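Peer 1: Numbering (this note's numbering), first residue to last: 410 to 587. First, the structure itself, so that you have it in front of you.
Shown next as structure tokens:
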């Protein structure tokens, strides 16, 4: 989807959220900077703050092949830095931990994580007969390491395969890390 097509597509929903009194709109599991640009442009036109959450593959790249730095830079350049912040979701920390080792102001734009519990790829998860629940304690420890390295990341949650056990472990580990 081109940014203008995505803006047109998402504008109706964003307008409904605005009219209903929502504080902000969130777009999760964004797989390309072009659709994310469209969401951000539509939100900006509706005077609504927005959050963009990109998903990454096991190599740390978006499904389009873009790096996270490129995607954030592209959206920010096209929208005048209009997203309130960015998140990473629907990827296991082992898929993106190395991506965050890079330098750049874009790292400070990431404020949230909603990781998958499984180390499996999206294709493996899609074809699995059962959802891989991963290891809640390990995931909590991975979150704590990320929060120690990046204390500005303070919006935490879970995505595919996470449940109350994972959230509990993330909470306990991150409280200890703070």
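Think of the CB as a built atom: it goes at the ideal place given N, C-alpha and C, for glycine as much as any other residue. From a predicted model like this one, the values you see are computed outputs, not experimental measurements.
Does the contact criterion of 3 or more C-beta pairs under 8 Å hold for the region 522–534 versus the region 478–494?
Peer 2: Because the criterion of three Cβ pairs below 8 Å is not met, the region 522–534 and the region 478–494 do not touch.
Peer 1: DSSP state of residue 583, grouped into three classes?
Peer 2: Residue 583: helix per DSSP, three-state reduction.
Peer 1: Nearest-angstrom Cα distance between residue 480 and residue 573?
Peer 2: C-alpha separation (whole angstroms): 31 Å.
Peer 1: Taking only runs that begin and end inside the region 496–541, name each unbroken alpha helix (DSSP H) of 4 or more residues, in chain order.
Peer 2: Those alpha helix (DSSP H) runs which fall completely within the region 496–541 and span 4+ residues are 502–505 and 531–536.
Peer 1: Rounding to the nearest angstrom, what Cα-Cα distance links residue 463 and residue 587 in this structure?
Peer 2: So the alpha carbons of these two residues sit roughly 25 Å apart.
Peer 1: From what residue to what residue does the alpha helix (DSSP H) around residue 423 run?
Peer 2: Start and end: 412–428.
Peer 1: Could you say which of 443, 494 and 412 lies nearest to residue 433 if we only look at CA atoms?
Peer 2: Nearest option by C-alpha distance: 494.
Peer 1: Which residues mark the beginning and the end of the beta strand (DSSP E) in which residue 462 is found?
Peer 2: Counting along the chain, the beta strand (DSSP E) containing residue 462 begins and ends at 459–463.
Peer 1: Alpha carbon to alpha carbon, how far is residue 369 from residue 566?
Peer 2: Only positions 410 to 587 of the chain appear in the structure, and residue 369 is not among them; the question remains open.
Peer 1: Quick check on residue 563: buried or exposed, where buried means 16 or more other Cβ atoms within 10 Å of its Cβ?
Peer 2: Exposed.
Peer 1: Which same chain residues end up closer than 8 Å to residue 592 when comparing Cβ atoms and leaving out the 5 residues on each side of it in sequence?
Peer 2: In the structure as shown, the chain starts at 410 and stops at 587, and residue 592 therefore has no counterpart that could be examined.
Peer 1: State the start and end residues of the unbroken beta strand (DSSP E) segment that holds residue 435.
Peer 2: Per DSSP, residue 435 belongs to the beta strand (DSSP E) from 434–439.
Peer 1: If we call anything under 8 Å between Cβ atoms a contact, is residue 441 one with residue 471?
Peer 2: Yes; because the gap between Cβ atoms is below 8 Å, this pair is in contact.
Peer 1: Please say whether residue 499 and residue 438 have beta carbons closer to each other than 8 Å?
Peer 2: It is a contact, given that the beta carbons lie within the stated cut-off.
Peer 1: Check whether the Cβ atoms of residue 423 and residue 452 lie closer than 8 Å to each other.
Peer 2: Against a cut-off of 8 Å, the Cβ pair of residue 452 and residue 423 comes out as a contact.
Peer 1: Does the distance from the CB of residue 530 to the CB of residue 466 come in under 8 Å?
Peer 2: The answer is yes: Cβ separation under 8 Å.
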